[in-house]
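Participant: Residue numbers (mature numbering (1 follows the signal peptide of the UniProt record, and there is no 0)): -22 to -1, 1 to 581.
Submitted below is the structure of interest, expressed as structure tokens.
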């Protein structure tokens, strides 16, 4: 549903929207005819319209707890319209179509087809044997593979991208429908969304306000300044922009995208948006919905525009235009986030329509030449010439003291040099800013440029490259830049809770024992090539990027000769630090003795 249409009718009609707008966008399929895609109510681990690297997420992800082999169920009566397989993206997928309502559901990352459609699984195997084993895409004749709502039609897996989970989409002829739109899928919950913070910009503000939200009751939040003072009112004039940060947990521990949001001024709805539908065009227009310089995929942090943002990036929307209010009037504001069940969380504050007295103590904190910016001391420069700029403001590069930063630098990473904060004032940018930090000396292998993303409260990579006098980097977010020295080695640890198959014993490798060892590093990052020894001899492994771990397959035939195996792993990072050897004494006593004749024998 488009924001402009919602704003026209106001909040009172939001929950009647399906009957008003379904003719052109959301098919009028009764909710009772749409079922859950799994045989148990798995929590949602990824929601509709979440930020992804290039496009918005077009479906919902359901947890499979690291296990493959759960049955997937037909969400409605229909027939299989298309099947496809690729080693990336959707992996093995299936499209189910209902011709009566012209709606389809797409299941992705599957392990196999089957259930009541066993012949479909035979077709998959034949396509891989007779065609290109790296992938296929096949449209099927209507009615060839027919199924009923609730029938098992395949198995969950981990093909394509990401660890094991089920990705489900609903599509109409106009675009994608949020799976949580259907009552059987959104799994009623009683927990309202969490509001994290509010970003407030005004024409008269010298610097935008980033206010922290604290919950004082169910669905009620108060705002606090960076100094810890309660925020209840502010003097402003001109156009005001409000961005609200938050998430919704539904029934999982994941910080999911919310379902909708509302803005009220003096009790009247001035803006409302539902994430219940995205047109095919809108899937790549994430700047319409999010502050892209403050929002993040990992970890998930969403800064929502509480206003309609034009599709044309150079134009900038606004929440309230105070020029339509009398001077000195108190304007009451309520900003809210909603979930699919209708639980609401809100913050309240007042705006006094009056110009702020200029703060004469505020000094110029960065230099601007066109779309090129420099810190006053010339150490940090950021060039946005090749990026797309929205708004009429500027980029702020401020030198700050270590005691003033709102985070702690990890132990083992001593600070070298100054800290610089990068922020925006009445602007945002899309694309990569080209930056440089000129230190005046050549950094050592242990020195690296670090970036603390202020919106997610976490250090993030910015692709720094060493130069004779410092670093170059690419920047897409606001936060803090600094040089730290990595004195801490990486860590190796066992991952003992992985069990990938529950109903698929036929795909297990009975000849091999599977072991996973996780890698982590607080500094420059671990290298994915490690030194692995089994009983003192080099041993092969593969790196699993989804789990940040190495996977080791040990032949079970070794149990005939050796009751124990000593496995050693040494990891290194990009700063030249080496981990202590991680030792794992593996008992082979429980391994099967009746090994298949085809299993390799290694002694």
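Beta carbons: idealized from backbone N, C-alpha and C, even for Gly.
Which residues share a DSSP beta bridge with residue 3?
Facilitator: Per DSSP, none; premise fails for residue 3.
Participant: Alpha carbon to alpha carbon, how far is residue 343 from residue 418? Give it in angstroms, no decimals.
Facilitator: 21 Å
Participant: State buried or exposed for residue 119, treating a residue as buried only when at least 16 other CB atoms are found within 10 Å of its CB.
Facilitator: exposed
Participant: If I measure Cβ to Cβ from residue 521 and keep anything under 6 Å in the same chain, skipping five residues before and after, which residues do I get?
Facilitator: Cβ within range, chain order: 506, 528.
Participant: On the DSSP bridge assignment, give the partners of residue 234 in chain order.
Facilitator: 226
Participant: Looking at residue 210 and residue 379, is the spacing between their C-beta atoms short of 8 Å?
Facilitator: no
Participant: What number of angstroms, rounded off, separates the C-alpha of residue 470 from the C-alpha of residue 523?
Facilitator: 15 Å
Participant: For residue 312, which residues does DSSP report across the bridge?
Facilitator: 242, 326
Participant: Can you grab the Cα-Cα spacing for the pair residue 566 / residue 554, in whole Å?
Facilitator: Going from the Cα of residue 566 to the Cα of residue 554 covers about 35 Å.
Participant: Is it a yes or a no for the region 300 to 311 touching the region 277 to 289, going by three-plus beta-carbon pairs under 8 Å?
Facilitator: no
Participant: Note the first and the last residue of the continuous beta strand (DSSP E) segment covering residue 404.
Facilitator: Taken as a continuous stretch (DSSP letters only), residue 404 belongs to no beta strand (DSSP E), as it is neither H nor E.
Participant: How should residue 251 be labelled, buried or exposed, when 16 other C-beta atoms within 10 angstroms of its C-beta is the threshold for buried?
Facilitator: buried
Participant: Who are the Cβ neighbours of residue 321 in its own chain at under 8 Å, not counting the five residues just before and after it?
Facilitator: 167, 168, 169, 170, 171, 197
Participant: Taking only three categories from DSSP, how would you classify residue 102?
Facilitator: Here residue 102 sits in helix by DSSP.
Participant: With a threshold of 8 Å, are at least 3 pairs of Cβ atoms found where one atom belongs to the region 10 to 24 and the other to the region 221 to 238?
Facilitator: yes
Participant: Residue 176: which of 225, 157, 134 sits nearest, CA to CA?
Facilitator: 225
Participant: Among 466, 323, 519, 482, whose alpha-carbon lies nearest the alpha-carbon of residue 492?
Facilitator: 519
Participant: Check whether the region 433 to 442 touches the region 272 to 279, counting contact only when three or more Cβ pairs, one atom from each stretch, lie closer than 8 Å.
Facilitator: yes
Participant: With a threshold of 8 Å, are at least 3 pairs of Cβ atoms found where one atom belongs to the region 141 to 149 and the other to the region 36 to 50?
Facilitator: yes
Participant: Tell me, which residues are paired with residue 155 by DSSP?
Facilitator: 148, 255
Participant: Could you give the distance in angstroms between the alpha-carbon of residue 266 and the alpha-carbon of residue 501?
Facilitator: 35 Å
Participant: If we ignore side chains and look at the alpha-carbon of each, how far apart do residue 201 and residue 358 end up?
Facilitator: Residue 201 and residue 358 have their C-alpha atoms roughly 33 Å apart.
Participant: Residue 463 bridges to which residues according to DSSP?
Facilitator: 425
Participant: Between which two residues does the beta strand (DSSP E) containing residue 194 stretch?
Facilitator: 187 to 195
Participant: Going along the chain, which unbroken runs of the beta strand (DSSP E) with 3 or more residues stay wholly within the region 47 to 76?
Facilitator: 49 to 51, 56 to 64, 70 to 76
Participant: Name the residue from 30, 157, 205 whose alpha carbon lies nearest to the alpha carbon of residue 140.
Facilitator: The shortest C-alpha separation from residue 140 is found at 30.
Participant: Determine the contact status of residue 138 and residue 237, defining contact as a CB-CB distance below 8 Å.
Facilitator: no
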